[in-house]
Amino acid sequence: MNRPDTDHSPTTKPTTLAFDRLCAEIVTQTDLLRSHLKDADTSVPVPSCPEWNLNQLLRHLGGAHRSAELTVRTRASQPPEDESWRDVSRYAGEDPAVLGAWLADGAAMLANTLREAGPEATVWTPVPGGRPTPEFFARRMAHETLIHRADAALAVDATYDVDDEVAIDAVDEWLMLGSLPVMFDYYPSKRELLGPGRTLHFHATDTAPEARAEWVVDLTGDLLAWRRAHEKAAVAVRAPLTELLLLIYRRRPARGEGVEVLGDAPLLDLWLDHAHFG
Numbered sequence: 000m001n002r003p004d005t006d007h008s009p010t011t012k013p014t015t016l017a018f019d020r021l022c023a024e025i026v027t028q029t030d031l032l033r034s035h036l037k038d039a040d041t042s043v044p045v046p047s048c049p050e051w052n053l054n055q056l057l058r059h060l061g062g063a064h065r066s067a068e069l070t071v072r073t074r075a076s077q078p079p080e081d082e083s084w085r086d087v088s089r090y091a092g093e094d095p096a097v098l099g100a101w102l103a104d105g106a107a108m109l110a111n112t113l114r115e116a117g118p119e120a121t122v123w124t125p126v127p128g129g130r131p132t133p134e135f136f137a138r139r140m141a142h143e144t145l146i147h148r149a150d151a152a153l154a155v156d157a158t159y160d161v162d163d164e165v166a167i168d169a170v171d172e173w174l175m176l177g178s179l180p181v182m183f184d185y186y187p188s189k190r191e192l193l194g195p196g197r198t199l200h201f202h203a204t205d206t207a208p209e210a211r212a213e214w215v216v217d218l219t220g221d222l223l224a225w226r227r228a229h230e231k232a233a234v235a236v237r238a239p240l241t242e243l244l245l246l247i248y249r250r251r252p253a254r255g256e257g258v259e260v261l262g263d264a265p266l267l268d269l270w271l272d273h274a275h276f277g
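Residue numbers are given in numbering that gives the first Met the number 0: position 262 of the sequence shown equals residue 261, and the series is strictly consecutive.
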């Protein structure tokens, strides 16, 4: 279980980024993604999302922005009826300039709607037991955009860099969401992760000590748990922060360049096989 002073239960507010910063990051990350689209072939496959081409990836992200914007603007009390952005199979070959402008419009609308609502308004969110506020969507969409920017960069072989504060908060959010008790209902196979001695330590090797860019995933109790800590674990993973972020989000292989795995590597593989949600 989590330590009392590092409790990251779904009702706490572990984000290290202010609400306004999260809103701004939705636009910033979208603009960075759009920079990858100049002269891009939108029919190219996305290696990290093999079911999609680049066109479909962009339609998914832009649709998610618009769905979140509608949910917050209307102060929805239940899930949106239209989730067509989840099925993007019909999209192919669209003009990257047109797609880029469409993405920018959706990101700007979402950021503006979030700011107008403020972080404490009441609105439906897809996480039972969490804080039903626009802050959830600000954080989720900031990091959704951040990671799909990585997908686009991988598809067109572009450079991908992330601000340390943003990357650290993205790892925090991923671990928090993936550890919610309700995940056992959505993915019963996650219970296979639990067992004595099953701990993982992720350590960013290129950040300042005060950044505290180290995480322990604790699978030894009745629930999935995590904390920011420097502790011995059954398996340790050391890598630069951006590479660690992409590994945890399953965008890079665990045996990739610059990644050091020490200890129980099969436990890492098992965790990564189950480290998904949504």
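All C-beta atoms, glycine included, are put in the ideal place defined by N, C-alpha and C. Everything numeric in this text was worked out from a predicted model, so none of it was measured.
What are the boundary residues of the beta strand (DSSP E) that D202 is part of?
-> If you number the sequence shown from 1, residue 202 lands on position 203. In the sequence on display, residue 202 carries His and not Asp. H202 -> beta strand (DSSP E) spans 198–203.
Under the rule that 16 or more other beta-carbon atoms within 10 Å means buried, what is H275, buried or exposed?
-> Numbered from its first residue, the sequence shown carries residue 275 at position 276. Exposed: under 16 other Cβ atoms inside 10 Å.
Tell me whether S88 is buried or exposed, calling it buried when 16 or more other Cβ atoms sit within 10 Å of its Cβ.
-> The residue labelled residue 88 in the question sits at position 89 within the sequence shown. By the Cβ-count criterion, S88 is exposed, with fewer than 16 other Cβ atoms from all chains shown falling within 10 Å of its own Cβ.
Buried or exposed (CB count within 10 angstroms, at least 16 for buried), T11 | As a position in the sequence shown, residue 11 is number 12, starting the count at 1. Here T11 scores only 41 on pLDDT, less than 50, and its place in the model should not be relied on; the value that follows carries that caveat. Exposed, because fewer than 16 other Cβ atoms sit within 10 Å of the Cβ of T11.
Beta-carbon proximity of V234 to A224, cut-off 9 Å = Counting from 1 along the sequence shown, the entry for residue 234 is found at position 235. Counting from 1 along the sequence shown, the entry for residue 224 is found at position 225. It is not a contact, given that the beta carbons lie outside the stated cut-off.
Have a look at F18 and E143 and give me their C-alpha separation to the nearest angstrom.
-> The residue you call residue 18 lines up with position 19 of the sequence shown. The residue you call residue 143 lines up with position 144 of the sequence shown. Going from the Cα of F18 to the Cα of E143 covers about 16 Å.
Mapping DSSP to helix, strand and coil, what is E256?
-> Taking the first residue of the sequence shown as 1, we reach residue 256 at position 257. Note: E256 maps to coil in three-state DSSP.
Which two residues bound the contiguous beta strand (DSSP E) that contains A238?
-> Stepping through the sequence shown from its first residue, residue 238 is reached at position 239. For A238, the enclosing beta strand (DSSP E) begins and ends at 234–238.
By the 10 Å Cβ neighbour count, where 16 or more other Cβ atoms means buried, how is D272 classified, buried or exposed?
-> Counted from its first residue, the sequence shown places residue 272 at position 273. Exposed: under 16 other Cβ atoms inside 10 Å.
Are three or more beta carbon pairs between the segment 49–57 and the segment 142–157 nearer than 8 Å?
-> yes
Between which two residues does the alpha helix (DSSP H) containing V216 stretch?
-> What you label residue 216 is simply residue 217 of the sequence shown in a count that begins at 1. Segment 213–217 is the beta strand (DSSP E) holding V216; no alpha helix (DSSP H) there.
Report the rounded CA-to-CA distance for A49 versus D40, giving the unit in angstroms.
-> On the sequence shown, position 50 is the one that residue 49 refers to. On the sequence shown, position 41 is the one that residue 40 refers to. One detail in the question is off: residue 49 reads as Pro in this sequence, not Ala. Distance between the alpha carbons of P49 and D40 is about 16 Å.
Sufficient close CB pairs (3 or more, under 8 Å) joining the segment 182–190 to the segment 153–171 | no
Flag this pair as touching only if the segment 228–243 and the segment 259–269 have three or more C-beta atom pairs under 8 Å; answer yes or no.
-> yes
What are the boundary residues of the alpha helix (DSSP H) that R139 is part of?
-> Taking the first residue of the sequence shown as 1, we reach residue 139 at position 140. Its alpha helix (DSSP H) spans residues 133–155.
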